[in-house]
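Protein chains: 2
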Amino acid sequence: MRTLVELIAAKRDGEALTAPEIAELVAALVRGDLADYQMAAWLMAVYFRGLDDAETVALTDAMLRSGRVLDLSAVRGIKVDKHSTGGVGDKVSIALAPLVAACGVPVPMVSGRGLGHTGGTLDKLEAIPGFRTQMSADDFARVVGEVGCCMIGQTAEIAPADRRIYALRDVTATVECIPLIVASILSKKLAEGIDALVLDVKVGRGAFMKDLARARALAEALVRVGTRAGKRVTALLTAMEAPLGAAVGNAIETREALDLLAGGGPADLLECTMLLGAEMLVLGGVARGEADARGRLGEAIASGAAARVAERMIAAQGGDARVVADRARLEVAPVQLVVEAPRNGVVERADALAIGLAAVAMGAGRTRADQAVDHAVGITVEAKPGAAVTRGQPLARVYVRARDAAAEAIAGRVAAAFSIGEVCTTHPVLLLGRIDAHSTGAPG
Amino acid sequence: MRTLVELIAAKRDGEALTAPEIAELVAALVRGDLADYQMAAWLMAVYFRGLDDAETVALTDAMLRSGRVLDLSAVRGIKVDKHSTGGVGDKVSIALAPLVAACGVPVPMVSGRGLGHTGGTLDKLEAIPGFRTQMSADDFARVVGEVGCCMIGQTAEIAPADRRIYALRDVTATVECIPLIVASILSKKLAEGIDALVLDVKVGRGAFMKDLARARALAEALVRVGTRAGKRVTALLTAMEAPLGAAVGNAIETREALDLLAGGGPADLLECTMLLGAEMLVLGGVARGEADARGRLGEAIASGAAARVAERMIAAQGGDARVVADRARLEVAPVQLVVEAPRNGVVERADALAIGLAAVAMGAGRTRADQAVDHAVGITVEAKPGAAVTRGQPLARVYVRARDAAAEAIAGRVAAAFSIGEVCTTHPVLLLGRIDAHSTGAPG
Numbered sequence: 001m002r003t004l005v006e007l008i009a010a011k012r013d014g015e016a017l018t019a020p021e022i023a024e025l026v027a028a029l030v031r032g033d034l035a036d037y038q039m040a041a042w043l044m045a046v047y048f049r050g051l052d053d054a055e056t057v058a059l060t061d062a063m064l065r066s067g068r069v070l071d072l073s074a075v076r077g078i079k080v081d082k083h084s085t086g087g088v089g090d091k092v093s094i095a096l097a098p099l100v101a102a103c104g105v106p107v108p109m110v111s112g113r114g115l116g117h118t119g120g121t122l123d124k125l126e127a128i129p130g131f132r133t134q135m136s137a138d139d140f141a142r143v144v145g146e147v148g149c150c151m152i153g154q155t156a157e158i159a160p161a162d163r164r165i166y167a168l169r170d171v172t173a174t175v176e177c178i179p180l181i182v183a184s185i186l187s188k189k190l191a192e193g194i195d196a197l198v199l200d201v202k203v204g205r206g207a208f209m210k211d212l213a214r215a216r217a218l219a220e221a222l223v224r225v226g227t228r229a230g231k232r233v234t235a236l237l238t239a240m241e242a243p244l245g246a247a248v249g250n251a252i253e254t255r256e257a258l259d260l261l262a263g264g265g266p267a268d269l270l271e272c273t274m275l276l277g278a279e280m281l282v283l284g285g286v287a288r289g290e291a292d293a294r295g296r297l298g299e300a301i302a303s304g305a306a307a308r309v310a311e312r313m314i315a316a317q318g319g320d321a322r323v324v325a326d327r328a329r330l331e332v333a334p335v336q337l338v339v340e341a342p343r344n345g346v347v348e349r350a351d352a353l354a355i356g357l358a359a360v361a362m363g364a365g366r367t368r369a370d371q372a373v374d375h376a377v378g379i380t381v382e383a384k385p386g387a388a389v390t391r392g393q394p395l396a397r398v399y400v401r402a403r404d405a406a407a408e409a410i411a412g413r414v415a416a417a418f419s420i421g422e423v424c425t426t427h428p429v430l431l432l433g434r435i436d437a438h439s440t441g442a443p444g
Numbered sequence: 445m446r447t448l449v450e451l452i453a454a455k456r457d458g459e460a461l462t463a464p465e466i467a468e469l470v471a472a473l474v475r476g477d478l479a480d481y482q483m484a485a486w487l488m489a490v491y492f493r494g495l496d497d498a499e500t501v502a503l504t505d506a507m508l509r510s511g512r513v514l515d516l517s518a519v520r521g522i523k524v525d526k527h528s529t530g531g532v533g534d535k536v537s538i539a540l541a542p543l544v545a546a547c548g549v550p551v552p553m554v555s556g557r558g559l560g561h562t563g564g565t566l567d568k569l570e571a572i573p574g575f576r577t578q579m580s581a582d583d584f585a586r587v588v589g590e591v592g593c594c595m596i597g598q599t600a601e602i603a604p605a606d607r608r609i610y611a612l613r614d615v616t617a618t619v620e621c622i623p624l625i626v627a628s629i630l631s632k633k634l635a636e637g638i639d640a641l642v643l644d645v646k647v648g649r650g651a652f653m654k655d656l657a658r659a660r661a662l663a664e665a666l667v668r669v670g671t672r673a674g675k676r677v678t679a680l681l682t683a684m685e686a687p688l689g690a691a692v693g694n695a696i697e698t699r700e701a702l703d704l705l706a707g708g709g710p711a712d713l714l715e716c717t718m719l720l721g722a723e724m725l726v727l728g729g730v731a732r733g734e735a736d737a738r739g740r741l742g743e744a745i746a747s748g749a750a751a752r753v754a755e756r757m758i759a760a761q762g763g764d765a766r767v768v769a770d771r772a773r774l775e776v777a778p779v780q781l782v783v784e785a786p787r788n789g790v791v792e793r794a795d796a797l798a799i800g801l802a803a804v805a806m807g808a809g810r811t812r813a814d815q816a817v818d819h820a821v822g823i824t825v826e827a828k829p830g831a832a833v834t835r836g837q838p839l840a841r842v843y844v845r846a847r848d849a850a851a852e853a854i855a856g857r858v859a860a861a862f863s864i865g866e867v868c869t870t871h872p873v874l875l876l877g878r879i880d881a882h883s884t885g886a887p888g
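Listed below in structure tokens is the structure:
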């Protein structure tokens, strides 16, 4: 075995490392034999030289094995999770997990918190009074088995090497590196004990990946590496130019997700949920294809089965399940500032990044991982790109605790996120691409 | 000003940083605002993207300003130092500094210790009883002024950022990067308060640079950057395939250097010393050209003036100055093992790297910076490449404290460093190239 410094030099020189070498790098980091500055140098070398799929599988495996791998073998069925690379207004998981579970596919979901302009599922769920996102691995497995789904936060036991490496990448300009992103995402997801995974790779102004080519490269790498790691993996590329749905915030996003389970909700949010849910049902082996899956998903909403699963999951996680039927129980800040259209025309742009950052500025998100969020504040987009508006019509509403100078400043930022044109030149499209093991040439 | 992470990302993306940005990176490291892992990532980005000359000047300047810059303005004359990139048997400095000082050029010299297969001037000097290589900056300036030369070790005050960065490079596979090597060498040398610098860039098996093209690139970068930093700089490229001179060790190398000042010593060692000394005398403004300079250097040896300066320097630094006239006072290990020629022929190779590593293995050098060395042990090369030998004639002698299995093993390693051929195909050449500000196109 080469020394740790030789492994840094080998990657620097463009060599592929063996799986035992990558395992040793990660293990040495966890043991303290490889210093953070050595890992940082290796990560920068990886930024320049890349990792091939075999190395990325090895890194994923080493990171997931740095902690506990959840055992869901006692849960019957093909366990399927969904992961989104993060966007603005992306509350899909909250509706999707109960919906897919109601169709017979177990969904063990470990989610994250918001950081920067993107929100996090955990913050949104915690807007439900009493809801606990921390629970033991055993309780998690039990709830998945009994209810069909459970949504928790990453514990200290899951992939600690990933947390350590991600913290280093964040401060060493090595975040934007596809194999490192792939290993980080997959190590956490594979540690959940899943059999299959659907990935929602967001593309656009409000996403981590701003352009389609790079997003496609990430999606393909995720599918190839996940497949090599023995999982069934499909990825969708979906647009993130404007916020998904209407609500951006915590309580108001959870309200909107629960609206979906009651048969309502914005059309684009429903479509995104149906697209991802159909993939999960097919991977989970309960639907023969997209049409069959969409039929089952629609039925689960119409029958109230999905809402019943949501209630059981919320109750099992300590939350007030009455919010599913009575969404007004989710407290939203009492004061509304209306952002009005300055003239007649068509909404050309409702900039997800600008709106996401405005939400962070009002306290709905965080700029540092240790900040608390205000669950009650938020923004709703009342006129999405493509909508015709007349002067004075609401473009957005800003929900604040008091009408003050700070609130007016937020409303100004939200107003600036919109642009109104004469005619809409391009109709927004949600689904930009679909990648599965077959389309990447990965071994199925 | 961009954030520190943005500066890492900028270098990662191939941008040139401004001088204030580089100064801030180094200052932030010293202050503790830039973590070691962030500097390590930046160094690896530099490994891939390089630094242009302006950036290298800025890095040199920032590192030298991280500590004290010695003020030698009270010393009359153009202060000139010599730096070697390191080789085996390279004891040139010990003869050169007094020799050049005897010709009227002040030589303030800050040297290093041996590490790996290369020896260090400080270890060799400390073979002189009582010799102190640590002294205050004020005492150093006083000795340079009174004696004409002084040879000390790097103090904690000199370029602390370089020490910190070098330690990181050593364990992150970022040592072999020309702009970082240039900034490291020049920051320490410029902090000495010199006006001019002669560089001896060693090339070959026993050198840091194994091939001529890379050594030339380093020499050119050193001259360009040193010239841009306002110093008069010349570099020689010299061969390091076999040890320089005969002796490899500490006391025996100091003996050999002092032999030179007494008019003796091996021819290649004398030639290397004369080449470097001539450059120093020309840069120091006391000789009109190489021929004039060589005449002055020869005269300073023949007259005993150089030996008298050596005695005064040793005395001023607490050492026993009698060693200059009576070199047997330098204790050499009592037991000699003779390595004999296995057959008649011509020495083709006396591998400097193998002999240097054998010397380290017997305790003359160190593999870790915190190891002590044994000044008395060593090796002498009795037949250099090109020499005709008959079977049984000594190729080398190994000086050990006792004839034991370890000593026999060292002798075996030394024997293996030699190869004997039928005829010598190439005659060894010492001087491989010369670079000055004119030849690099640097602004004079």
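As you go down the protein sequences, you meet chains Y and H in turn. Each residue of the first sequence is one higher than the one before, counting from 1 in the numbering used here. Each residue of the second sequence is one higher than the one before, counting from 445 in the numbering used here. For glycine and all other residues, C-beta sits at the position ideal for the given N, C-alpha and C. Since this is a predicted model, take the numbers as computed values, not measurements.
Report all residues from its chain with a CB closer than 8 Å to the CB of residue i; omit the five preceding and five following residues, and keep chain order.
i, result
"Gly807 of chain H", "Val817, Asp818 and Val821"
"Pro552 of chain H", "Leu514, Leu516, Val519, Lys523, Asp525, Phe584, Ala585, Val588, Cys593, Cys594, Glu636, Gly637 and Ile638"
"Pro838 of chain H", "Val782, Val783, Glu784, Ala785, Glu826 and Ala827"
"Leu276 of chain Y", "Lys82, Val92, Leu96, Val198, Asp200 and Leu236"
Let's test the definition: count the other Cβ atoms within 10 Å of the Cβ of residue i and tell me whether it reaches 16, buried, or not, exposed.
i, result
"Arg847 of chain H", "exposed"
"Gln38 of chain Y", "buried"
"Glu6 of chain Y", "exposed"
"Gln371 of chain Y", "exposed"
"Met718 of chain H", "buried"
"Asp211 of chain Y", "exposed"
"Pro710 of chain H", "buried"
"Pro464 of chain H", "exposed"
"Leu463 of chain Y", "Outside the shown range of chain Y (1 to 444) lies residue 463 of chain Y, about which nothing can therefore be said."
I think residue i touches residue j, with their Cβ atoms under 8 Å apart; what is that distance to the nearest whole Å?
i, j, result
"Ala417 of chain Y", "Ala358 of chain Y", "7 Å"
"Ala686 of chain H", "Pro872 of chain H", "7 Å"
"Cys547 of chain H", "Val726 of chain H", "Actually they are not in contact, since the Cβ atoms of Cys547 of chain H and Val726 of chain H sit about 11 Å apart, beyond 8 Å."
"Lys231 of chain Y", "Leu190 of chain Y", "7 Å"
"Leu186 of chain Y", "Thr60 of chain Y", "5 Å"
"Gly433 of chain Y", "Arg216 of chain Y", "6 Å"
Please return the same chain residues whose Cβ sits closer than 6 Å to the Cβ of residue i, not counting the five positions on each side in sequence.
i, result
"Pro129 of chain Y", "Asp320"
"Arg771 of chain H", "Arg699 and Leu702"
Helix, strand or coil: which one does DSSP assign to residue i?
i, result
"Lys523 of chain H", "coil"
"Gly548 of chain H", "coil"
"Phe131 of chain Y", "coil"
"Phe472 of chain Y", "As displayed, chain Y neither begins before 1 nor continues past 444, which places residue 472 of chain Y out of reach and without an answer."
"Cys177 of chain Y", "coil"
"Glu792 of chain H", "strand"
"Ala806 of chain H", "Ala is not the amino acid found at residue 806 of chain H; the sequence shown has Met there. Three-state result, Met806 of chain H: coil."
"Gly444 of chain Y", "Bear in mind that a pLDDT of 45 at Gly444 of chain Y, under 50, signals an unreliable position, so the model cannot answer this."
From this set, the options, which residue's C-alpha is nearest residue i's C-alpha?
i, options, result
"Leu641 of chain H", "H:Gly693, H:Met724, H:Val626 and H:Leu874", "H:Met724"
"Ser419 of chain Y", "Y:Gly386, Y:Glu408 and Y:Val400", "Y:Gly386"
"Ala751 of chain H", "H:Gly739, H:Gly762, H:Arg766 and H:Ala737", "H:Arg766"
"Gly707 of chain H", "H:Ala744, H:Ala627 and H:Gly689", "H:Ala744"
"Ala603 of chain H", "H:Leu781, H:Ser628 and H:Val536", "H:Ser628"
"Glu422 of chain Y", "Y:Leu244, Y:Ile410, Y:Val389 and Y:Ala310", "Y:Val389"
"Cys272 of chain Y", "Y:Asp33, Y:Leu96 and Y:Lys124", "Y:Leu96"
"Arg205 of chain Y", "Y:Asp351, Y:Ala325 and Y:Arg2", "Y:Asp351"
"Ala23 of chain Y", "Y:Arg12, Y:Val46, Y:Ala58 and Y:Asp436", "Y:Ala58"
"Ile879 of chain H", "H:Phe492, H:Gly733 and H:Thr678", "H:Thr678"
Go through its chain and collect everything with a Cβ distance to residue i's Cβ below 7 Å, but skip five positions before and after it.
i, result
"Leu612 of chain H", "Asp480, Met483, Ala484 and Leu487"
"Val105 of chain Y", "Gly77, Ile78, Val80, Met280, Leu281, Gly284 and Val286"
"Gln154 of chain Y", "Val110, Gly112 and Lys188"
"Thr440 of chain Y", "Glu220, Val223 and Arg224"
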